[in-house]
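Following numbering that gives the first Met the number 0, the numbering of the sequence shown begins with 0 at its first residue and continues without gaps.
Below you'll find the structure, written out as structure tokens, and then a few comments.
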Amino acid sequence: MAEPVGNRWRFVGAALVMQLCLGVLYSWSVFRVPMETLYDWSKEMSIAPFRFSLLFFTIAMVIAGFWQDKKGPRLVGSVGGFLLGTGCLLAALIGDTSPGLIISYGVIGGMGVGFAYVTPIATCVKWFPDKRGMIVGLAVMGFGAGSLIFAPLLESLIGSDATMFAESIPRTFMIMAVVFYVFVIGAAQIYRVPPAGWKPEGWEPPAAAAGAGVKQDFSPGEMLRTWQFYVLWILYAFGTSIGFVAIGQASPIIREIAAEGALLTGGAALGVMSFFNGIGRLSWGSLSDKIGRNTTTVAMYAVYFVACLFLLRSASGFWQVLIGLCMVGFAFGGYLALLPSFTADYFGARNVGANYGIVFTAYGLSGYFVPGYFAGVMDKARAAGDLAAGYNEVYVTLTVFAVVGAMLALMVRKPAQTT
Numbered sequence: 000m001a002e003p004v005g006n007r008w009r010f011v012g013a014a015l016v017m018q019l020c021l022g023v024l025y026s027w028s029v030f031r032v033p034m035e036t037l038y039d040w041s042k043e044m045s046i047a048p049f050r051f052s053l054l055f056f057t058i059a060m061v062i063a064g065f066w067q068d069k070k071g072p073r074l075v076g077s078v079g080g081f082l083l084g085t086g087c088l089l090a091a092l093i094g095d096t097s098p099g100l101i102i103s104y105g106v107i108g109g110m111g112v113g114f115a116y117v118t119p120i121a122t123c124v125k126w127f128p129d130k131r132g133m134i135v136g137l138a139v140m141g142f143g144a145g146s147l148i149f150a151p152l153l154e155s156l157i158g159s160d161a162t163m164f165a166e167s168i169p170r171t172f173m174i175m176a177v178v179f180y181v182f183v184i185g186a187a188q189i190y191r192v193p194p195a196g197w198k199p200e201g202w203e204p205p206a207a208a209a210g211a212g213v214k215q216d217f218s219p220g221e222m223l224r225t226w227q228f229y230v231l232w233i234l235y236a237f238g239t240s241i242g243f244v245a246i247g248q249a250s251p252i253i254r255e256i257a258a259e260g261a262l263l264t265g266g267a268a269l270g271v272m273s274f275f276n277g278i279g280r281l282s283w284g285s286l287s288d289k290i291g292r293n294t295t296t297v298a299m300y301a302v303y304f305v306a307c308l309f310l311l312r313s314a315s316g317f318w319q320v321l322i323g324l325c326m327v328g329f330a331f332g333g334y335l336a337l338l339p340s341f342t343a344d345y346f347g348a349r350n351v352g353a354n355y356g357i358v359f360t361a362y363g364l365s366g367y368f369v370p371g372y373f374a375g376v377m378d379k380a381r382a383a384g385d386l387a388a389g390y391n392e393v394y395v396t397l398t399v400f401a402v403v404g405a406m407l408a409l410m411v412r413k414p415a416q417t418t
């Protein structure tokens with residue numbers, strides 16, 4: 000029996016709660032300087048748990064996409080909440096070594112985020128075929144805005160007294176574990192999928208999409224045989240790479256380059272950036288319903304380009320850095336909203352969980368390799384005594400990513416394969 004149309008909004012509410020919790024992933028930079036201070040870690044070591052969390056987030060997304068298409072979102076989301084909470088619990092116990100933190104927070108916690116993250120997206124796409132861009136943007140807005148809550152909270156829990164870091168860091172992980180056990184697992188219990196053939200009252204699929212003989216739903220294997228998949232994959236990789244680098248460096252760049260005249264701490268600045276990240280997901284998703292995914296993606300890359308120009312001269316002051324970071328956050332949010340919609344538009348909603356899980360590998364691989372590479376650039380700049388030059392090298396490279404990504408967005412089109 001079909002769910003009443005009015006009730007479908009409760010899935011969006013559950014998605015927002017879950018995604019706010021999962022968005023803690025983007026707050027990792029708050030931990031970096033305290034851990035570098037406490038354990039005498041390099042920047043490559045302090046970014047490693049974040050890199051591994053993104054990698055295993057992606058691996059779990061692929062598995063969870065196939066699994067939730069078969070077993071439904073409640074079970075998969077619940078497993079995700081359990082793994083995320085357990086990863087943070089273990090980080091409190093064995094997170095005083097780099098391997099321990101990578102295994103607990105990076106591998107186990109990252110897999111938890113991946114299992115939980117796919118479920119609200121796949122659920123909302125199926126319940127809102129009439130508002131796909133807007134509703135996916137709204138569903139994932141919480142993920143981007145999560146740092147608005149968690150970054151200042153975690154910074155407060157960790158504190159600024161280096162003599163207390165050995166106690167405050169494990170305690171912070173314990174608190175995180177409790178929050179995720181309660182809210183992520185709890186939100187997952189609300190999810191349902193619509194019955195086969197369900198559609199909102201009064202809504203009909205667009206005529207072009209319903210045309211006879213045009214293939215509507217691609218299996219993962221069929222999707223992989225289209226050139227459009229590979230272009231979308233590169234669009235996602237370039238778009239998220241720029242965001243990951245800025246997010247991973249947000250707190251350090253405020254502390255190291257723009258500290259003079261700073262009105263916010265690194266964690267608070269990351270929280271402001273995450274606000275724009277969350278708003279970007281809803282704004283770009285809604286805009287793409289009106290002007291198209293391609294045009295919207297070009298606009299997002301244009302915002303990235305301007306943001307990188309701000310960050311190129313990061314030594315010039317706090318406000319320029321903050322504006323650049325907020326522009327990156329605003330554009331970055333759009334990729335997490337548009338790529339699920341792109342996937343459903345191009346390859347159908349039936350297998351969107353599995354198909355988007357595969358597309359999402361672009362997010363994870365770029366998140367694993369790109370921040371690590373640029374952390375190495377920054378370690379060399381620090382050794383040379385010129386951090387500003389290191390940041391400039393980073394953002395020159397990222398402007399190239401933005402230009403190439405915009406060009407690809409102009410060329411990609413929906414597959415024309417017929418049945």
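Ideal Cβ placement from N, Cα and C applies to all residues, glycine included.
Closer than 6 Å by C-beta to residue i: which residues in its own chain qualify, once you throw out the five before and the five after it? Chain order, please.
i      : result
ALA211 : Only weak support exists for where ALA211 lies, its pLDDT of 48 falling under 50; the coordinates are left without a value.
ASN293 : ALA408
GLY333 : GLY279, TRP283 and MET299
PHE149 : VAL23 and SER26
LEU176 : Inspection of the sequence shows that residue 176 is occupied by Ala rather than by Leu. Correct list, in chain order: GLY84, CYS87 and LEU88.
TYR367 : ARG50, LEU53 and LEU54
ASN391 : LEU311
ALA13  : ALA186 and ILE189
ALA209 : Because the pLDDT at ALA209 is just 47, under 50, the model does not fix this residue reliably, and the value given afterwards should be weighed accordingly. Nothing meets the Cβ criterion.
PHE114 : ALA59, ALA63, VAL75, VAL78 and GLY79
Thinking C-alpha only, which one of the options is nearest residue i?
i      : options                           : result
ALA374 : SER45, VAL11 and ALA121           : SER45
SER146 : VAL393, LEU19, ALA382 and ALA353  : LEU19
SER273 : GLY141, GLN215 and ALA380         : GLY141
LEU337 : LYS289, GLY76, SER365 and MET34   : LYS289
PHE341 : ASP39, TYR235 and GLN67           : TYR235
ARG9   : PRO128, TRP66 and GLN188          : GLN188
LEU21  : VAL78, LEU53, TYR116 and GLY94    : TYR116
LYS42  : ALA383, GLY371, GLY316 and TYR390 : GLY371
ARG412 : TYR394, THR398, VAL61 and PHE228  : PHE228
CYS307 : ILE174, VAL244, TYR38 and ILE120  : VAL244
THR122 : PHE304, ARG7 and ARG381           : ARG7
VAL393 : PRO199, GLY384 and ASP378         : ASP378
LEU335 : TRP318, ALA415, ALA380 and TYR355 : TYR355
GLY247 : ARG73, LEU15 and ALA47            : ALA47
The alpha helix (DSSP H) spanning residue i covers which residue range?
i      : result
SER419 : The structure shown does not extend to residue 419, since the chain is modelled only from 0 through 418, so no value can be given for it.
PRO370 : 360-382
TYR303 : 292-311
ILE189 : Where ILE189 is concerned, there is no enclosing alpha helix (DSSP H), given that its DSSP letter is neither H nor E.
GLU203 : Per DSSP, GLU203 belongs to no alpha helix (DSSP H) and is neither H nor E.
THR85  : 72-93
VAL399 : 386-410
VAL327 : 317-346
GLY220 : 219-223
Can you list, in chain order, the residues of its chain whose CB lies under 7 Å from that of residue i, leaving out five sequence neighbours each side?
i      : result
ALA405 : VAL297, TYR300 and ALA301
PHE400 : PHE237, SER240 and ILE241
ILE107 : LEU82, THR85, GLY86 and LEU89
SER218 : ASN350
VAL11  : CYS123, ILE134, LEU137 and ALA138
CYS325 : VAL271, MET272 and PHE275
What do you reckon, is the C-beta of residue i under 7 Å from a heavy atom of the ligand MN?
i      : result
GLY356 : You won't find the ligand MN in this model; it holds no ligand whatsoever.
Is the shortest distance between the beta-carbon of residue i and the beta-carbons of chain C less than 8 Å?
i     : result
ILE58 : The displayed structure is made up of one protein chain only, and chain C is not part of it.
Leaving aside the five residues before and after residue i along the sequence, list all residues of the same chain whose C-beta is less than 8 Å from its C-beta, in chain order.
i      : result
PHE329 : PHE275, ASN276, ILE278, GLY279, SER282 and VAL302
THR36  : ALA161 and PHE164
GLY291 : none
VAL112 : LEU21, LEU24, SER52, PHE56, ALA59, GLY79 and LEU83
To the nearest whole angstrom, what separates the beta carbons of residue i and residue j, a pair I think is in contact under 8 Å?
i      : j      : result
ALA59  : PHE172 : The pair is not a contact, with the Cβ atoms about 20 Å apart (cut-off 8 Å).
VAL135 : MET17  : Not really, about 14 Å apart at Cβ, beyond 8 Å.
Query raised in the report: Is there contact here, the stretch 216-235 with the stretch 345-357, by at least three beta-carbon pairs under 8 Å?
Result: yes
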